[in-house]
Amino acid sequence: MTAIGRLPASLTLVGAGKMGGAMLAGWLEAGLDPRAVTILDPAPSGAIAALCAERGIALNPADPALAAVMVLGIKPQGLEAAAVALSPLVGPGTLVLSILAGKTIADLKARLPGARAVVRAMPNLPASVGRGATGAVASAEVTAEQRAVAEALLSAAGLTEWLDAEAQIDAVTAVSGSGPAYVFLLVEALAEAGVAAGLAPEVAARLARATVTGSGALLEASPEDAAQLRRNVTSPGGTTAAALDVLMREDGLGRLMGEAVAAAKRRAGELSG
Ligand SMILES: NC(=O)C1=CN([C@@H]2O[C@H](COP(=O)(O)OP(=O)(O)OC[C@H]3O[C@@H](n4cnc5c(N)ncnc54)[C@H](OP(=O)(O)O)[C@@H]3O)[C@@H](O)[C@H]2O)C=CC1
Ligand SMILES: O=C(O)[C@@H]1CCC=N1
455 MTAIGRLPAS LTLVGAGKMG GAMLAGWLEA GLDPRAVTIL DPAPSGAIAA
505 LCAERGIALN PADPALAAVM VLGIKPQGLE AAAVALSPLV GPGTLVLSIL
555 AGKTIADLKA RLPGARAVVR AMPNLPASVG RGATGAVASA EVTAEQRAVA
605 EALLSAAGLT EWLDAEAQID AVTAVSGSGP AYVFLLVEAL AEAGVAAGLA
655 PEVAARLARA TVTGSGALLE ASPEDAAQLR RNVTSPGGTT AAALDVLMRE
705 DGLGRLMGEA VAAAKRRAGE LSG
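Heads up: the sequence shown is residues 455 to 727, going by the working numbering.
And the structure:
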């Protein structure tokens, strides 16, 4: 990937776990200077420690400086405890970019009193291969320059959708933030069903995985929408129609997905505060 837009002059990543680490990889690939990055994480993984050593990224410096951008990649439940140490690192010119599920812009400002400009974003894990989907919303104080920087950072991970209202971000969390887990569960369930139908477990696992990755690739390459692609597989009176009669019945996948997304959205609301 080549440089995309206005990457920040300095960036502090707080919490370089699964999601923060994935985003960091995308930023470096997009051209962010590793010497402009500081990572704060009390127990970084071996991979992050090795990356920092290899690329000259500052890891847990004794006296971290104010940065143009502070990315919060810790768990929502850890915000309150982390905020004490982070507050002095947030100045009036700092853009706080949070990926914490549930934590509102007001929550972030309450925990980090120096924060003015806040972008609340919800990425997803395919960011680790540059194929993420992110929803984002900016506080009123975010300048055009800061928004361009946020756009560059988020777009390094893939698709970015700016939202009209912060209230929508819990729905984004429930759909695309958590969504990759639903897809991986589909692979697991399809493989298990294949075993029940008589396949060897390894064969079923390989077929299920290739079916989902192949369908994703087709969905991306095709101008047709998902419903039409589904119809393209479904021969009248054939095997797919028999399966879809089960999946599309009233209490089928649509209802289950609706309940699942509603539960995730509800949980995001519970994580606020
Ligand atoms: N995983 C995903 O697919 C997505 C996650 N998110 C959001 O990303 C955030 C992180 O999730 P995820 O990456 O899965 O979680 P991880 O546990 O993998 O990453 C969090 C990291 O933060 C570290 N950490 C804990 N406390 C502090 C602290 N005080 N200062 C600095 N670092 C700290 C953790 O260390 P330790 O392990 O030692 O606690 C860990 O390395 C969450 O808020 C989540 O809502 C958003 C979208 C998708
Ligand atoms: O499960 C979670 O809470 C986080 C947010 C979206 C994906 N993972």
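All residues carry an ideal CB built from backbone N, CA and C; glycine is no exception.
The structure displayed is predicted, hence computed values, not measured ones.
For the beta strand (DSSP E) that L549 lies in, which residues bound it at each end?
L549 -> beta strand (DSSP E) spans 549-552.
Mind checking who A590 pairs with in its DSSP beta bridge?
According to DSSP, which records beta bridges pairwise, A590 is partnered with A575, W616.
The alpha helix (DSSP H) that contains V626, what's its start and end?
Looking at the DSSP string, the run of the alpha helix (DSSP H) that includes V626 is 623-626.
Among residues of its own chain, excluding the 5 on either side of A521, which ones have a beta-carbon nearer than 6 Å to its beta-carbon?
If we look at A521 and ignore the five residues flanking it on each side, its Cβ neighbours are S464, L465, T466.
What is the rounded straight-line gap between the Cα of L549 and the Cα of L701?
Here the C-alpha atom of L549 lies approximately 45 Å from the C-alpha atom of L701.
For the structure I just gave you, are there three or more beta carbon pairs, one from the stretch 539-558 and one from the stretch 570-587, closer than 8 Å?
Enough Cβ pairs lie closer than 8 Å, so yes.
Quick one: using the 10 Å Cβ neighbour count with 16 as the cut-off for buried, is S593 buried or exposed?
Per the 10 Å Cβ criterion, buried.
Determine which residues share a DSSP beta bridge with A512 and list them.
The partner list for A512 (beta bridge, DSSP) reads T492.
Opening and closing residue of the alpha helix (DSSP H) in which A710 lies:
For the sequence presented, residue 710 should be read as Leu rather than Ala. Per DSSP, L710 is one residue of the alpha helix (DSSP H) stretching across 707-724.
Would you say G631 touches ligand 2, meaning its beta carbon is less than 7 Å from a heavy atom?
Within the cutoff, so yes.
Is K472 helix, strand or coil by DSSP?
Note: K472 maps to helix in three-state DSSP.
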